[in-house]
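**Q** Residue numbers (this note's numbering): 20 to 697.
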């Protein structure tokens, strides 16, 4: 059966303030499952999705959240540059209905881009629950664009939103721009006229009103774009003179003149279309915040919440872990017997059972713990509590030299360091970005969890959750104190104030939580079937060669590598097997577990007694400390190079991690030995 291709294709940008529900709208429009966090800064690159509606192929581009088209951070610049230079056919502007006045500032600038747009009035359910009323017809008339009330989580209004996007693309467009006042409007028209007389700028200035306004505001990037393209010093001088005259007349700078007018436009519209309840009582969010953001109780409550998450990770994960462990034990034994009955070569038997089953199975056995951890973290994120955590620790982070907004990448780092490093784009100051990037590898990412679960369940069975929580605390302490040291020695100067919107609390969506848990768990499984599988086979080969050597004995190539590195790990109680595990863990931390499992050669997926021949409780804890602090993986190194654009800072990150890991692991082992621990 033949299927006809869509008759028309259009590109639609999805723009909006951080935490407006923009990515949720994007997911609803495209059917994609981009990660949604109930805090700003989750989207730091533009994301593309497709959907076909009424025989029209629509390409939706989810832009990073921004409060303004005057960018202060790299992610905001991505949004501004796309709208200016790539010219989508239409824009879907997502605004938070509970914060309409603030959201309209961005709308005021998008109006000036001369691109058809539709306003998605999101979170309308919360607006209604608060007793507020928004006159959408009047709002549409005042901005000159269609307005569609939406609830992204329940897909309310999504179909109507798509219809309006398709309709406005092919119909007359009558936006209502900001009236900046007589003198400012005259100056803008003068700039538009002067730019239009420069033929080489014709293609760049299809958004002439916006460009002209930004030139009068003295935006350095727009100035570089226009003056660099024109190569006309007279044009620059003429526009500078216009700006100086306007500023002298208004007695303030151009940026403030325009910002005040836009805020006035937004405020005027807001008061025209929004009706508040007669008695403005504290909301549920306000009442909850009175407790969770309490000056003295806030931090202890957060600490207890995270402690309970880690305890649940072990307590609830214990039983399914045993079942998976038993399954891989049965599978390995069955295949061993099958190969023996078939007379298969011993090397094939060893590869499958000792290499693949023990290596991959030794990691997958911890899947329940990973899934449970992600489940509870998703609840904290989706409810809005994680955004509050940034404010709870802001004072501490400022004392240690970190920007409060650095807490967002740090929280993301508990999932994976790679997106956490990318999330530093939300920081406006380059020094704050570099500082945050350098301390992110110390954050306990999910790839390290299998190592900690393995060793803590064997050596600290009765208090495994507490040991795991100690790793979490240690990662935070190392990150914070390293930041203080680096801030003092390398990045002196004041940090900028931290301002971030607190999203309203809402009941987490079970579907969203399960999807998030599944995606992260599936990524773990996929990694086990690719990177960890390849790593396990390589480790097995090193533990089997040269031919004739006893598997995992001291005569193998693996042992030779380990013996060479053993002097480096001996100070914290490890041996050649631990050295090889840490070396291969540089590729991916899960490979540390598969290396220990494969080289232990015990034939027991849980290792148990074999691990006790390699480690003591004290050396196991020191090994965990080293694993916690040294470079997470090769992918992290690659993204640090990409984000810093510097091999120097990449090398500093790797060297700093290795040095601190060795010092702290050795300190733990030495002090523990002196105190009589073993």
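Backbone N, C-alpha and C define an ideal beta-carbon position, used for all residues, glycine too.
Along the chain, where does the beta strand (DSSP E) that runs through residue 10 open and close?
**A** Not covered by the structure: residue 10. The range shown for the chain is 20 to 697.
**Q** Going by the DSSP bridge assignment, what does residue 96 pair with across the sheet?
**A** Beta-bridge pairing links residue 96 to no other residue.
**Q** Less than 9 Å separating the beta-carbons of residue 602 and residue 584?
**A** yes
**Q** What residues in its chain sit with their C-beta under 7 Å from that of residue 257, if we drop five residues either side in the sequence?
**A** Short of 7 Å from the beta carbon of residue 257, and not among the five residues preceding or following it, lie these beta carbons of its own chain, in chain order: 213.
**Q** Taking the alpha-carbon positions, what's the residue 147 to residue 141 distance?
**A** Put simply, the backbone Cα of residue 147 is about 11 Å away from that of residue 141.
**Q** On the DSSP bridge list, what partners appear for residue 199?
**A** Answer is none; residue 199 lacks a bridge partner.
**Q** To the nearest angstrom, report how far apart residue 416 and residue 558 are at their CA atoms.
**A** Whole-angstrom Cα-Cα distance: 41 Å.
**Q** What is the rounded straight-line gap between the Cα of residue 660 and the Cα of residue 198?
**A** Taking the straight line joining both Cα atoms gives about 46 Å.
**Q** Considering only residues of the same chain and omitting the five flanking positions on each side of residue 262, which have a CB-CB separation below 7 Å?
**A** 235, 237 and 273
**Q** Could you check which residue in 547, 455, 155 and 313 has the C-alpha nearest to that of residue 668?
**A** 455
**Q** Taking the DSSP output, what are the residues bridged to residue 115?
**A** 141
**Q** So is residue 649 buried or exposed if we call it buried at 16+ other beta carbons inside 10 Å?
**A** buried
**Q** Hey, would you say residue 80 sits closer than 9 Å to residue 32, going by beta carbons?
**A** yes
**Q** Within 10 Å of its beta-carbon, does residue 184 have 16 or more other beta-carbons around it, so buried, or fewer, so exposed?
**A** buried
**Q** Just checking, does the region 588-601 make contact with the region 631-646 on the three C-beta pairs under 8 Å criterion?
**A** Judged by pairs of C-beta atoms under 8 Å, the region 588-601 touches the region 631-646, as three or more such pairs exist.
**Q** Using the beta-carbon count (16 or more within 10 Å), is residue 332 buried or exposed?
**A** buried
**Q** Count the other CB atoms, across all protein chains shown, that sit within 10 Å of the CB of residue 424; report buried if there are 16 or more and exposed otherwise.
**A** buried
**Q** Rounded to whole angstroms, how far is the Cβ of residue 358 from the Cβ of residue 368, which I believe are closer than 8 Å?
**A** 4 Å
**Q** Specify, as a first and last residue, the run of the beta strand (DSSP E) that residue 106 falls within.
**A** Element bounds for residue 106: n/a, residue is neither H nor E.
**Q** Short of 8 Å in beta carbon distance, which residues of its chain neighbour residue 268, apart from the five on each side in sequence? Order them along the chain.
**A** 202
**Q** Would you kindly work out how many angstroms separate the C-alpha atoms of residue 624 and residue 171, rounded to a whole number?
**A** With a pLDDT of 43 at residue 624, under the threshold of 50, the modelled position of this residue cannot be trusted, and the question is left open.
**Q** Taking the beta carbon of residue 341 as the centre, do at least 16 other beta carbons fall within 10 Å, making it buried, or is it exposed?
**A** exposed
**Q** Where does residue 164 sit, in a helix, a strand or coil, going by DSSP?
**A** coil
**Q** If we call anything under 9 Å between Cβ atoms a contact, is residue 330 one with residue 484?
**A** yes
**Q** Could you check what DSSP says for residue 33 in three-state terms: helix, strand or coil?
**A** strand
**Q** Go to residue 323, then tell me how far its alpha helix (DSSP H) extends in each direction, as first and last residue.
**A** 317-334
**Q** Find the nearest neighbour of residue 685 within the set 588, 48 and 574, judged by alpha-carbon distance.
**A** 588
**Q** Please name the residue or residues paired with residue 128 in a DSSP beta bridge.
**A** Under DSSP, residue 128 shares a beta bridge with no residue.
**Q** Give the straight-line distance between the Cα atoms of residue 152 and residue 505, rounded to the nearest whole angstrom.
**A** 51 Å
**Q** Across which residues does DSSP place residue 66 in a beta bridge pair?
**A** 81
**Q** May I have a chain-ordered list of the beta strand (DSSP E) segments no shorter than 3 residues that lie completely inside the region 237-315?
**A** none
**Q** Nearest to residue 474 by CA position, among 283, 432 and 629, is which residue?
**A** Selected option, being the one with the closest Cα: 629.
**Q** What three-state label does DSSP hand residue 698 in the structure shown?
**A** With the chain running from 20 to 697 in the structure shown, residue 698 is simply not present.
**Q** Using the beta-carbon count (16 or more within 10 Å), is residue 192 buried or exposed?
**A** exposed
**Q** From the DSSP secondary-structure annotation, give me the bridge partner or partners of residue 617.
**A** Its beta-bridge partners do not exist; DSSP assigns none.
**Q** Please check the pair residue 168 and residue 176, which I expect to be a contact at CB under 8 Å, by giving their CB distance rounded to whole angstroms.
**A** 5 Å
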